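In this note's numbering, the protein residues as written are 5 to 312. C-beta: ideal position from N, C-alpha, C; glycine also. Nothing here was measured: the structure is a model prediction, and the numbers come from that model.
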Ligand SMILES: NC(=O)c1ccc[n+]([C@@H]2O[C@H](COP(=O)([O-])OP(=O)(O)OC[C@H]3O[C@@H](n4cnc5c(N)ncnc54)[C@H](OP(=O)(O)O)[C@@H]3O)[C@@H](O)[C@H]2O)c1
């Protein structure tokens with residue numbers, strides 16, 4: 005497909021972050037999902053259309069009209085607990101959407117945002133050469149979607165990303181990312197319970213967007229699978245303490261608890277990614293990925309802590 009513009013399929017935390025970044029860089033961006041996103045894309049220079057990406061006919065009509073040069077697959081279902089309860093629906097949605105866009109745009113650069121849940125979590129950090137062994141139904145669905153895409157679209161990349169965070173409003177009407185959920189609770193003076201036995205390498209949504217933009221820009225062949233994790237390997241409890249510090253909240257507002265007692269029970273113990281390959285990209289495509297302290301300092305002003 006030789007066309008123009010970028011089609012971003014999915015308008016949640018990650019899709020919106022990527023669309024904002026691409027639009028601010030002057031790209032023509034169309035964002036699609038079944039319902040309109042909380043933040044109207046027109047506010048940052050992108051355009052939104054309704055699409056159920058599991059409807060192959062609707063995807064074909066859209067791609068024939070838009071003729072996108074680039075496609076970013078960043079749609080749900082993304083809730084790990086929901087996928088565990090609905091494994092077949094999760095699998096068929098992720099595999100169908102990946103297969104549809106691979107068939108519609110086999111020559112396009114397609115970036116599928118995938119996940120650390122394709123690993124069981126045995127290693128402290130998983131790189132591109134670590135054998136996959138999905139941790140749960142969500143990880144199995146995403147792994148099958150990667151396969152469906154890479155089998156048909158030789159220029160496609162599965163970018164496996166660790167836990168993503170950024171600002172989301174408290175009334176977003178959805179389960180918020182860990183950073184935003186913690187920061188809102190702490191800023192209301194409420195205690196936060198966070199596992200002290202669940203490790204992650206969190207990555208700012210703006211850094212995910214910058215790496216995605218670099219991959220879309222790249223004219224040369226890219227590895228089919230790339231990993232993106234933040235530089236810091238932390239437990240959720242450690243991370244919550246960093247967030248509290250950046251907000252000026254007392255550290256005792258964070259209560260460490262076992263992972264098994266939380267909604268993270270079905271997640272890999274080590275939800276951590278490292279890359280052997282990203283550093284090989286040309287200097288113009290490399291992104292300085294920020295750690296949890298810098299991320300917390302950047303985001304803290306968007307949350308307010310009550311005085312006293
Ligand atoms: N957030 C993370 O930490 C993280 C980490 C690694 C990978 N990822 C991957 O990134 C993707 C997005 O994550 P997220 O956190 O941004 O999720 P999210 O906030 O739940 O957003 C998912 C988006 O997909 C849309 N969507 C769901 N089903 C759709 C369909 N059939 N057709 C069109 N759009 C559909 C949703 O809107 P509607 O429901 O209105 O359609 C929503 O806009 C997921 O595939 C996830 O695996 C996320």
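Could you please give me the residues that DSSP links to residue 52 through a beta bridge? 35
Own chain partners of residue 122 with C-beta closer than 7 Å, once the 5 adjacent residues on each side are dropped: 136, 138, 143, 146, 147 and 164
Going by Cα to Cα distance, which pick from 41, 13, 279 and 301 is closest to residue 166? 279
Heavy atom of ligand 1 less than 7 Å from the Cβ of residue 234, yes or no? no
Hey, would you say the C-beta of residue 39 is under 7 Å away from at least one heavy atom of ligand 1? yes
Just list the residues that DSSP pairs residue 114 with in beta bridges. 75
What is the DSSP secondary structure of residue 260, reduced to helix, strand or coil? strand
Can you say whether residue 272 is buried or exposed, counting buried as having 16 or more other CB atoms within 10 angstroms of its CB? buried
Identity of the residues DSSP links to residue 238 by a beta bridge: 204
In its own chain, which residues sit with a C-beta less than 7 Å from the C-beta of residue 251, not counting the 5 before and 5 after it? 187, 190, 191, 304, 307 and 309
Can residue 208 and residue 219 be called in contact, C-beta distance under 8 Å? no
Residues near residue 17 in its chain [Cβ-Cβ closer than 7 Å; skip 5 each side]: 168, 170, 172, 181 and 209
Nearer than 7 Å: is that true of the beta carbon of residue 81 relative to any heavy atom of ligand 1? yes
Closer than 7 Å: residue 117 CB and nearest ligand 3 heavy atom: Because ligand 3 does not appear in the structure shown, any question about it cannot be addressed here, the ligands present being ligand 1.
Look up residue 12 in the DSSP assignment and give the residues it is bridged to. 35 and 76
Cα separation between residue 199 and residue 49? 39 Å
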